[in-house]
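What the sequence shown shows, in the working numbering, is residues 434 to 777, in sequence order.
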Amino acid sequence: MSHRNPEAAADPAAAATPLPELPVIDVDDDDAADSTFGDESDASAYSASVTSSILNYEYANGRRYTGFKKGEYLLPNDEAEQDRLDLVHHIFLLLLDGKLVLAPIGPNPQRALDLGTGTGLWALDFGDEFPSSQAIGVDLSPIQPTWVSPNVKFYVDDIETEWGYSREEAFDIIHARQIGGSIGDWGKLLSQCMEHLKPGGWLEIQEPEAWMSSDDDTMARATASSEIQILCNAAAKKFGKEINMAHKFKQMLIDAGFEDVREEIFKVPIGPWPKDPKLKELGRYFLENVLLGVEAYAYGFIGKILGWSQAECQVLCAKVKAEFRDRRNHMYIKTYIVYGKKPG
């Protein structure tokens, strides 16, 4: 039986405003390595110690999920996912040449807010880079370290509810990364960002498309990869929290009243197949990221929302992983960095 949603069979970004043409990534045909890319790895990570009510987790498919705001966030928060989130932070630092943001925040920002902070590495790095600042990270899961610099604080909260910061606590920079699929009302979220920024403060969203692309015939051949992205997008839409949002953010920030809105788009390869040394290294790490994450997304979106069994998800994920590791395949994901300034 086919689980495809025919309404989601096209690229969700296809009908959007035409994007600037990105350069084709040259394939490294001289790579003498094996015909498949690397395997998954496991490592331990840290978690925070907080009240027992927040630590009332739920378990499914061998994974651990947050019990706070149960059902509002579909991905796990266990150690395997924490390892992946740490890897994602490293990938973005590599992509942006060590920069935490591209927005021109100046040399002395005083207050920063990280929405959906995950393991908290962005906030921790911000606090280290700007020691006179205060960095705050907010997430549904208490998976951040407890021993941190005095200028970094973490809170368990739902960023979709009303924020409790006073006018005197306004921020110079609000940062959000990979929160597609977890927000139901983007208009409200952007409005709160605007309200809680200082005049002249910046909002920056760093978001990959939930859609794989290629500059050759890879996607026609990689049928399982095509299927899983169609299904995940259909599930997210049914859930009411669309996941493929990156290409929409520029116009959304403009519509929300932000000024000087900029959009930068990068191709991030899946696997070390490019010739370019930086892209090769990026691809090596990003392959590990998608290998670690594919089952989490399949169980969370396709399993929980579309009703697939664990076994069905596992079969599809095995096919997808094989396509990711196949060196004949040259897939990439477009990653968007969008930032805008509060007037004033």
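Using N, Cα and C, we set each Cβ at its ideal position, and we do this for glycine too.
Since the model is a prediction, treat every value here as computed from it, not as a measurement.
When the five nearest sequence neighbours on each side are left out, the beta carbons in the same chain lying within less than 7 Å of the beta carbon of Gly-560 are those of Ser-566, Ala-568, Ser-582, Asn-584, Val-585, in order along the chain. Contact between Pro-632 and Gly-777 holds, since their C-beta atoms are separated by about 2 Å, short of 8 Å.
The beta-carbon distance between Glu-675 and Ala-669, rounded to whole angstroms, is 5 Å. This is short enough to meet the 8 Å contact definition. Looking from the CA of Lys-532, the closest CA among Asp-558, Ser-742, Val-727, Tyr-490 belongs to Asp-558. Relative to Met-645, the option among Ala-679, Ile-638, Phe-672 whose CA is nearest is Ala-679. If you compare the alpha carbons of Pro-456, Ile-607, Glu-562, Glu-721 with that of Ile-524, the shortest gap goes to Glu-721. For the pair Asp-547 and His-608, the CB atoms are nearer than the 8 Å cut-off. Counting along the chain, Asp-519 sits inside no beta strand (DSSP E); it lies in the alpha helix (DSSP H) bounded by residues 512-528.
In summary, Arg-600 is exposed, with fewer than 16 beta-carbon neighbours lying within 10 Å of its beta-carbon over all protein chains present. For His-608, the enclosing beta strand (DSSP E) stretches over residues 604-610. Taking 8 Å as the upper bound for CB-CB distance, Asp-605 and Gly-570 are not in contact here, some 15 Å apart. Taking 4 residues as the shortest admissible run, the stretch 539-570 contains the following complete alpha helix (DSSP H) segments, listed from N- to C-terminal end: 554-562. The three-state secondary structure of Trp-619, taken from DSSP, is helix. DSSP lists Gly-570 as the beta-bridge partner residues of Phe-587.
Glu-696 has its alpha-carbon roughly 23 Å from the corresponding atom of Arg-544. For a cut-off of 8 Å, the C-beta gap from Leu-488 to Pro-575 is around 7 Å, short enough to register as a contact. Going by C-alpha positions, Asn-494 is about 7 Å away from Tyr-732. Take the alpha-carbon of Pro-540 and the one of Asp-462: they are about 43 Å apart.
Sequence-distant Cβ neighbours of Ile-738 in its own chain, meaning closer than 8 Å and more than five residues away, are Leu-507, Ala-668, Ala-669, Lys-671, Phe-672.
When beta bridges are read from the DSSP output, Glu-728 appears opposite no residue.
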